[in-house]
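Chemist: Numbering (UniProt numbering), first residue to last: 1 to 302.
We treat Cβ as the ideally placed atom computed from N, Cα and C, and that holds for glycine.
Shown below is the structure under consideration.
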């Protein structure tokens, strides 16, 4: 199961990064700088990209706290000045890997798409804590969406429970175990409904039926852009094509239809361009209530 693999990799590499920082503290800085740098850069990379939410977002916070403790221990520990120096080949490999993690950590914030055009929307949910399961400014954080009809700024959003997880278990085949399943989706803006249907069944995780034809969805058209929301629950859409809706009006419920392994809301926005389908318009970076969100960030709806 890929979820267990991703979480396992995050936890194992997280422990390894803490070990590297701890190990560096046993010897003077000149002898262990490459280990210290590798441990710190790997830890930052994992804090940003790690799949902590499969366990709990608080696991990521605990990891950050342990890193600070290891750094404090590095300063306070006595150094063994008789230890052998780090081999040159090992230093080089440590510096190379550190450079890779630094680049990926920078790209987490900047992305590879330059300065995006933005669109201001209202969060389409009731009050609660939500989480960006997939999203960001193109590569590398939004790699899954990058090739999907230019959806470089698309977002997959889940809801967090009181324990900071997106479900009652790390993985469950029961749809109701997922916190967001059945949540009402509200119109994030005023617009004309140009596509609305929900006759497709919800997938039982992790199975999925690929393709737009079996994804329950609502597409809103405004004077300047289109808003596409997908993976809605079967028979939950309560608006119809040709209807004009106001911001905050109920549209349907979150489900798990189409190309989806677990319940979540997929949302993407494209600029309106004459003569081309909505999904070929320029993708826009979404600001919810004036703020942009990246991969693994928490959205607190009030």
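Is residue 214 close to the ligand FMN? I mean its beta-carbon at under 7 Å from any heavy atom of the ligand.
Modeler: As presented, the structure is devoid of all ligands, the ligand FMN included, so that no description of it is given.
Chemist: Sort 234, 29, 65, 276 by Cα distance to residue 201 and report the nearest one.
Modeler: The shortest C-alpha separation from residue 201 is found at 234.
Chemist: For residue 273, count the other beta carbons within 10 Å of its own beta carbon; 16 or more makes it buried, fewer makes it exposed. Which is it?
Modeler: Residue 273 should be labelled exposed.
Chemist: For residue 283, does the three-state DSSP call read helix, strand or coil?
Modeler: Residue 283 falls in the strand class under three-state DSSP.
Chemist: List the DSSP bridge partners of residue 229.
Modeler: Partner(s): 218, 267.
Chemist: Determine whether the beta carbon atoms of residue 156 and residue 168 lie at a separation below 8 Å.
Modeler: No, they are not a contact pair.
Chemist: According to DSSP, simplified to helix, strand and coil, what is residue 49?
Modeler: DSSP places residue 49 in helix when its eight states are reduced to three.
Chemist: Cα-Cα, which of 14, 293, 36 is closest to residue 86?
Modeler: Nearest C-alpha to residue 86: 36.
Chemist: From this set, 129, 90, 5, 61, which residue's C-alpha is nearest residue 300's C-alpha?
Modeler: Checked all of 129, 90, 5, 61; the closest Cα to residue 300 is 129.
Chemist: From residue 9 to residue 193, what distance separates their C-alpha atoms?
Modeler: Whole-angstrom Cα-Cα distance: 43 Å.
Chemist: Looking at residue 158 and residue 264, is the spacing between their C-beta atoms short of 8 Å?
Modeler: Against a cut-off of 8 Å, the Cβ pair of residue 158 and residue 264 comes out as a contact.
Chemist: If we count the other Cβ atoms within 10 Å of its Cβ and call it buried at 16 or more, is residue 240 buried or exposed?
Modeler: By the neighbour-count rule (16 or more Cβ atoms within 10 Å), residue 240 is not buried but exposed.
Chemist: Classify residue 139 as buried or exposed, calling it buried when 16 or more other Cβ atoms lie within 10 Å of its own Cβ.
Modeler: Residue 139 comes out exposed.
Chemist: Leaving out five residues before and five after residue 292 in sequence, what residues of the same chain have Cβ atoms less than 8 Å from its Cβ?
Modeler: Excluding positions up to five away in sequence, the list reads 118, 285, 286.
Chemist: Would the segment 93 to 110 count as touching the segment 252 to 259 if we require 3 or more Cβ pairs under 8 Å?
Modeler: Cβ pair count under 8 Å is below three, so no.
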